[in-house]
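In order, the protein sequences belong to chains A and B. Residues in the first sequence are numbered consecutively from 1411, following my numbering. Residues in the second sequence are numbered consecutively from 1411, following my numbering. All residues carry an ideal CB built from backbone N, CA and C; glycine is no exception.
There are 2 protein chains.
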Amino acid sequence: MRIVVLAGGIGGARFLRGLKQAAPDADVTVIGNTGDDIHLFGLKVCPDLDTVMYTLGGGIDEERGWGRTDETFQVKGELAAYGVGPEWFGLGDRDFATHIVRTQMLGAGYPLSAVTEALCARWNPGVRLLPMSDDRVETHVAIEVDGERQAVHFQEYWVRMRASVDAQAVVPVGAEQAKPAPGVLEAIAAADVILFPPSNPVVSIGTILAVPGIREAIAEAGVPVVGLSPIVGDAPVRGMADKVLAAIGVEATASAVALHYGSGLLDGWLVDTVDAAAVPGIESAGIRSRAVPLMMTDVAATAEMAREALALAEEVRA
Amino acid sequence: MRIVVLAGGIGGARFLRGLKQAAPDADVTVIGNTGDDIHLFGLKVCPDLDTVMYTLGGGIDEERGWGRTDETFQVKGELAAYGVGPEWFGLGDRDFATHIVRTQMLGAGYPLSAVTEALCARWNPGVRLLPMSDDRVETHVAIEVDGERQAVHFQEYWVRMRASVDAQAVVPVGAEQAKPAPGVLEAIAAADVILFPPSNPVVSIGTILAVPGIREAIAEAGVPVVGLSPIVGDAPVRGMADKVLAAIGVEATASAVALHYGSGLLDGWLVDTVDAAAVPGIESAGIRSRAVPLMMTDVAATAEMAREALALAEEVRA
């Protein structure tokens, strides 16, 4: 079975770990969000790709959910001693090595997709990890500070400001000109099932869908497209998805997110059992829905979620 | 008193520490060798400038003589795990931060001299540290491997091969086209004394003198130029200077090095007490010479060497 998964960072990575346990023989291609990418200290950092790579490769810090296990922070401390920031982005020493290799390869002319493949040769994530695009796309968030509207990089909004002010708009700068990375459209066209993990619908999956050609390819693939709600009981399971959903005028509810994707894209949608009351409304919008436990408390629980998603896909297909 | 010092790495840096103790009120400008610079992992590494900066700024690893104190090597280990080398060059985590800042500033368009000044703002070395040039100069060593002549970067010859094969030639690639960094010629012209510490006469001081204009400025400065022999008892005090001296046809003796610089450049030359017999020969070549202890066993001994050098300069002047 060929499965394509659109993934952001922590939520997507943890779901993928469950999916691999649920379907160990499946051929999984991950289309990773690169809108969160940022240049720090002259180095190219791809937080979402790395979170998927480290999580599936056994290198993730389980506690934090991002960055490397057994991490140290000597380089960051020294950069701060030089007065070179930002200090709000937590790059550890082990993590730095990844960005150094990536930046060196990009500087030598390799596209991000080739660099990602090279990095994965070490981590053996057990999936094919593709960036959504080799072109630069950078998610900016419009905010109002002292009555003046300004745009900040998504990481600045998310990590430095912790989404403490309202997002007025979320703009994937460069997306309109971006092309899907080599292999992305081919993987979608060859897929048996396409899954949206409980990743952020705006800045993760939304950004991937903003690359021209990807949304169309998914809609036209003619295979079940099933998602899992990142909203449980009217609040994001983790992160601050409600802040960026508000920016695009979508309520932070399991059903509102499903309707935002829409029946033109989505065939099935899993909501958590606490949101079972939303199922009829979602189904009446033409999206098959089931209420199942959606808390990724451990790999076993996450694998069960993946099984439910694949089962819903088969229901849709039949 | 304005003192200009031409410096390589460890020997130059340690001498400077003694000089600062011997002449705490002197205005010292250091012209640092950049021929040893190397690009590693996409980062610009300036070993000699950093050794001076760390040594005078209190950040040096005293045991090794290079690199940072309390150093860790997480980044290097991770790079090796990615299969990215070279592994033979010992970059520690703290040291990496320096190269990251430097590379980022160079990428932003700042010349190396401005970058060095910015880095020194943290370290407060108590001297003005100038790279010999903002232009790229790279010392290559010609060697013979299996009967075939090839050129390797100086660091590869020195660090990886540990000078285990004969050097056929030493070539400061790019030196002919290089211009002295801003401030270099001005500092020489304004100097009261010019010192050559016991640095490598070929790949450190020789490379600095290979930048067009510097040798001429020193010869024409009209102030005492005094050097300290890096050769004691017919062997280099540290390093493998004899290997590269052989490549340019100079014997590894205190007097041969003095004559190599020549009386057109050098006014005074200190040799170690074990080489006292060489003094008459050096003096008959027109270079004033004294035999004094030249082992930099500690800062006090090194300060005494600096005092002897300054005393010889005053003798020359008188």
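Where residue i falls: helix, strand or coil (DSSP)
i	result
Thr1707(B)	coil
Gly1691(A)	helix
Arg1625(A)	helix
Ser1665(A)	helix
Leu1675(B)	coil
Gly1637(B)	strand
Ala1723(A)	helix
Leu1680(A)	strand
Ala1645(A)	strand
Phe1506(B)	helix
Gly1500(B)	coil
Ala1713(A)	helix
Ala1728(A)	coil
Gly1421(B)	helix
Cβ-based burial, residue i [other Cβ within 10 Å; buried from 16]
i	result
Asn1610(B)	buried
Thr1683(B)	exposed
Thr1549(B)	buried
Glu1626(B)	exposed
Arg1727(B)	exposed
Met1729(B)	An answer regarding residue 1729(B) cannot be provided, because it is not within the stretch 1411 to 1728 covered by chain B.
Ile1553(A)	buried
Thr1617(A)	buried
Ile1658(A)	exposed
Arg1427(A)	buried
Glu1586(A)	exposed
Ala1651(A)	buried
Val1555(A)	exposed
Gln1560(B)	exposed
Ala1688(B)	buried
Pro1541(A)	buried
Glu1488(A)	buried
Ser1543(B)	buried
Ser1614(A)	buried
Gly1422(A)	buried
Thr1712(B)	buried
Bounding residues of the beta strand (DSSP E) (the contiguous stretch that carries residue i)
i	result
Ala1656(A)	That residue, Ala1656(A), is in no beta strand (DSSP E); its alpha helix (DSSP H) goes Ala1651 to Ala1657.
Val1686(A)	In the sequence under discussion, the amino acid at residue 1686(A) is Ala, which differs from the Val named in the question. Where Ala1686(A) is concerned, there is no enclosing beta strand (DSSP E), given that its DSSP letter is neither H nor E.
Arg1412(B)	Arg1412 to Ala1417
Ala1701(A)	Arg1698 to Ala1701
Cutoff 7 Å: residue i Cβ touching any chain D Cβ
i	result
Glu1488(A)	Among the protein chains of the structure shown, namely A and B, there is no chain D.
Which ranges would you report for the alpha helix (DSSP H) in the segment 1512-1544 of chain A if only whole runs of at least 4 residues count? 1522-1533
Quiz prompt | Completely contained beta strand (DSSP E) runs for the segment 1429-1495 of chain B, where each covers 3 or more residues | solution = 1437-1442, 1448-1450 and 1453-1455
What are the start and end residues of each continuous alpha helix (DSSP H) run of 4 or more residues lying completely inside the segment 1534-1619 of chain B, in chain order?
1594-1600 and 1615-1619
Taking contact to mean at least 3 C-beta pairs separated by less than 8 Å, is the segment 1529-1537 of chain A in contact with the segment 1460-1472 of chain A?
-> yes
Touching by the beta-carbon criterion (3+ pairs, under 8 Å), the segment 1449-1459 of chain A and the segment 1475-1495 of chain B
no
Are the segment 1413-1432 of chain A and the segment 1513-1528 of chain A touching, with three or more C-beta to C-beta distances below 8 Å?
no
Check your understanding: Per the contact definition of three or more C-beta pairs closer than 8 Å, is the segment 1524-1531 of chain B in contact with the segment 1471-1479 of chain B?
Key -> no
- Message: For the pair the segment 1438-1450 of chain A and the segment 1429-1447 of chain B, tell me if three or more CB-CB distances fall below 8 Å.
- Response: no
Quick one: any contact between the segment 1626-1643 of chain B and the segment 1594-1607 of chain B, if contact means 3 or more CB pairs under 8 Å? yes
Would you say the segment 1664-1671 of chain B touches the segment 1695-1714 of chain B, given that touching needs at least three Cβ pairs under 8 Å? yes
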